[in-house]
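*Asks:* Sharing a structure, written as structure tokens. Questions coming.
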Amino acid sequence: MNKRRVGAANRTWSRIMTLVLAVGFAVVGMAGAASAHHNTISGTVACATSGGWKVTWRVVNSEQRTETVTASNRSVVPVGTTLTAAQTRTFAETVTTKPTSSLTLTLAATWSNGVKATNSGSVPVAAFADSCNITKVPAPTVPVIDECGPGNARFGTVPSGPWTSVLNSNGSLTITANQGYAFSNGQTSITLPKPTDSNVPCPATVPAVPVVDECGPGNAHYGTVPSGPWTSVVNPDGSLTITANPGYSFPNGQSSITLPTPTDSNVACPVVTPPVVVTPPEVLPAEVRVVRAKARRIDKCGRASDLFKVAKRSGVIYKSKGKVLREGVWIKAKKRSITVRAFAADGAFQLKGKRVWKMTFTRKSCAQAPEISPNTGS
Amino acid sequence: MIRRTTLAVVMLCASVLVGQGAAHAGPDRLSVARTSTDAVVVKVAKRSNTLAVGHRLSGAVYTWALGDPPCDPTGSTVYAGHAWRAGNGVADRWGQLRRGDVIKVAGCKFKVVRREFWSAKRRMGSLYSVSGPPRIVLVGCKADDYSKRTVVFAKKMGRR
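Set out below in structure tokens:
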């Protein structure tokens, strides 16, 4: 009886131990499987071309089965991202602000066999070089100046900022951000195309063209067209066409206007009556000076001392055979007959009196001079 | 003796002058301040190839009626005057004229430029030229030597 009891107790104890060991082994086996499923996460940092830092995360699936990311602390690896068996995937993100502590990517994943694991990888702060830090600024808005007239649109003054600008030969404008700056789109240089001209014509006032209407019938015509940005043509019928230069238009938008043929007043010309001959006044208006010309001659015997002279008078010009004579000096008469004519020097003078002198010089020989000294005392 | 000789000379000159006849008196006068000359100008003819001077010893000078006028721009005008060693001939002191002395005649002024003494036999036709620079020539007997002539040249200066 006791042997039976002892034997039953031993079997019970043995069964308990077997159960305990089985459970233990099961737990140990499960723990070993869980530690094998993981992601290896690492990150590298480089300068982003548009400023800031480009962080490239590298995630390696440790298992020969697919996993799905179920949680992520960075949007670069969104939830739902899958990695196939033993796949290595990279995820890049741009960091514009330098972190104050290590940058960490933490992913929770579930493998296709239901195993779950959470792993992290970090990049130390020292990996973020200060030289990559670029301040982003909005690109300046450059005004466009488009005055009236064709093809004259141009850029105005470039607002001041951390950039320089160059106007290119084709009319475009290149703005380059200074060192350490970039525009909002990440570019350090932008080129604005040549502004498009609106081609709005410049307004031109219609010129007032005078009408010349002298006495007599049918002789009214347009006078001189005032100068301006236009050209004019008198048409065969007497009308006048004025065409605005390119880039100009008249107030009504027309590029050309035609003034009708001027209407003649047909005012009769006054009957010309013979002028009443009146003796010109001695004193003319202040702008006209009356001058008298004068010429004289000396006709001695022989020809050696035949001389003539024209008086020196302001406003008088003397000519003989078209040649201007020197005034105030005796001139030797080279011919027997000389005609001297006087002319007013200009409109400010008016000649009065004799204007033509016809001078003749005789050729009578000189008398024989006394050769013997006179009896004046001996 | 001297008195008779002087009288004879005067009579000789007088006979010659009277024989030539006097020309009509002209309105012009000739004056020379230095010699106190103030004489009327008398135009006379040429006779026997010499100037037919009149008989007035003082107060008159004689010029050729066909000679060159004094104030025109060319030519040479001769004025002859008597000298008498007794001291009252119009040309008695012409020998004292010097360069720069002024002679006035017919409204014109002349400045003495040269004074010479010529032999009475020297021909004087060239002094009557109608051409050349304007000038006058005073001709008179040399007061102390009638075989010579006092010849004074004066160039025209301008009107008085």
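In order, the protein sequence lines correspond to chains A and B. Take the first sequence: its position 243, counting from 1, is numbered 239 in the numbering used here, and each next residue is one higher. Remember, the numbering used here sits 80 above the position in the second sequence when you count from 1. By construction, the Cβ of each residue, glycine as well, lies at the ideal position given by its N, Cα and C atoms. This one's a predicted model, so the numbers in the text were calculated from it and none came from an experiment.
Between residue 133(B) and residue 110(B), how many whole angstroms is the CB-CB distance? I'm expecting something under 8 Å.
*Replies:* Contact doesn't hold; Cβ gap of about 14 Å is too wide.
*Asks:* With distances taken Cα to Cα, identify the nearest neighbour of residue 293(A) among 149(A), 331(A), 230(A).
*Replies:* 331(A)
*Asks:* If you draw a straight line from the alpha carbon of residue 230(B) to that of residue 343(A), how long is it in whole angstroms?
*Replies:* CA-CA distance, residue 230(B) to residue 343(A), rounds to 59 Å.
*Asks:* For residue 267(A), collect the residues of the same chain with a Cβ closer than 7 Å to its Cβ; drop the 5 residues on either side in sequence, then sort them by chain order.
*Replies:* none
*Asks:* Tell me, please, whether the region 365 to 372 of chain A touches the region 125 to 132 of chain B by the rule of three or more beta-carbon pairs shorter than 8 Å.
*Replies:* yes
*Asks:* Please name the residues in the region 156 to 179 of chain B whose beta-carbon is closer than 7 Å to at least one beta-carbon of chain A, in chain order.
*Replies:* The region 156 to 179 of chain B vs chain A, Cβ under 7 Å: 160, 161, 162, 163, 164, 169, 171.
*Asks:* Kindly indicate if chain B contains any beta-carbon less than 8 Å away from that of residue 283(A).
*Replies:* no
*Asks:* What span of residues does the beta strand (DSSP E) with residue 130(A) cover, start to end?
*Replies:* Premise fails: residue 130(A) is in no beta strand (DSSP E) and is neither H nor E.
*Asks:* Report all residues from its chain with a CB closer than 7 Å to the CB of residue 146(A); omit the five preceding and five following residues, and keep chain order.
*Replies:* Taking C-beta separations shorter than 7 Å and ignoring five residues to either side along the sequence, the partners of residue 146(A) in its chain run 193, 195, 242, 243, following chain order.
*Asks:* Measure the alpha-carbon distance for residue 216(B) versus residue 209(B) and round it to whole angstroms.
*Replies:* 10 Å
*Asks:* From the DSSP secondary-structure annotation, give me the bridge partner or partners of residue 161(B).
*Replies:* 220(B).
*Asks:* Does residue 211(A) come within less than 8 Å of chain B when only Cβ atoms are used?
*Replies:* With 8 Å as the cut-off, residue 211(A) does not count as an interface residue toward chain B.
*Asks:* Using the Cα positions of residue 324(A) and residue 356(A), report the straight-line distance between them to the nearest angstrom.
*Replies:* 20 Å
*Asks:* Going by DSSP, what residue range makes up the beta strand (DSSP E) through residue 197(B)?
*Replies:* 188 to 199
*Asks:* When you compare the CB of residue 256(B) with every CB in chain A, is at least one pair closer than 8 Å?
*Replies:* With chain B covering 81 to 240 only, the question about residue 256(B) has no answer from this structure.
*Asks:* Since residue 38(A) is in the beta strand (DSSP E), which residue starts that stretch and which ends it?
*Replies:* 35 to 43
*Asks:* When Cβ atoms are compared, which residues of the region 293 to 310 of chain A fall closer than 9 Å to chain B?
*Replies:* If the cut-off is 9 Å between Cβ atoms, the region 293 to 310 of chain A has 294, 296, 297, 298, 300, 301, 303, 305 near chain B.
*Asks:* Check residue 227(B) in the structure and name its three-state DSSP category.
*Replies:* strand
*Asks:* May I have the straight-line CA-CA distance separating residue 202(A) from residue 224(A), to the nearest angstrom?
*Replies:* 10 Å
*Asks:* Between the alpha carbons of residue 51(A) and residue 72(A), how many angstroms are there, rounded?
*Replies:* 10 Å
*Asks:* Quick one: what does DSSP say residue 206(B) is sitting in, helix, strand or coil?
*Replies:* helix
*Asks:* According to DSSP, is residue 368(A) helix, strand or coil?
*Replies:* strand
*Asks:* Would residue 373(A) pass as an interface residue toward chain B - the criterion being a Cβ-Cβ separation below 8 Å?
*Replies:* yes
*Asks:* Tell me where the beta strand (DSSP E) around residue 183(A) begins and ends.
*Replies:* Run containing residue 183(A): none; DSSP gives neither H nor E here.
*Asks:* Mind checking if residue 338(A) is an interface residue toward chain C, Cβ cutoff 8 Å exclusive?
*Replies:* The structure shown contains no chain C; its protein chains are A and B.
*Asks:* Taking CB distances under 8 Å as the criterion, tell me whether residue 80(B) reaches chain A.
*Replies:* With chain B covering only 81 through 240, there is no way to say anything about residue 80(B).
*Asks:* Against chain B, with Cβ distances strictly below 8 Å, would residue 329(A) count as a contact?
*Replies:* no
*Asks:* Comparing alpha-carbon positions, which option in 359(A), 345(A), 336(A) lies nearest residue 385(A)?
*Replies:* Beyond the ends of chain A as shown, which are -3 and 374, falls residue 385(A); an answer cannot be given.
*Asks:* Taking DSSP as the reference, what is the three-state secondary structure of residue 175(B)?
*Replies:* helix
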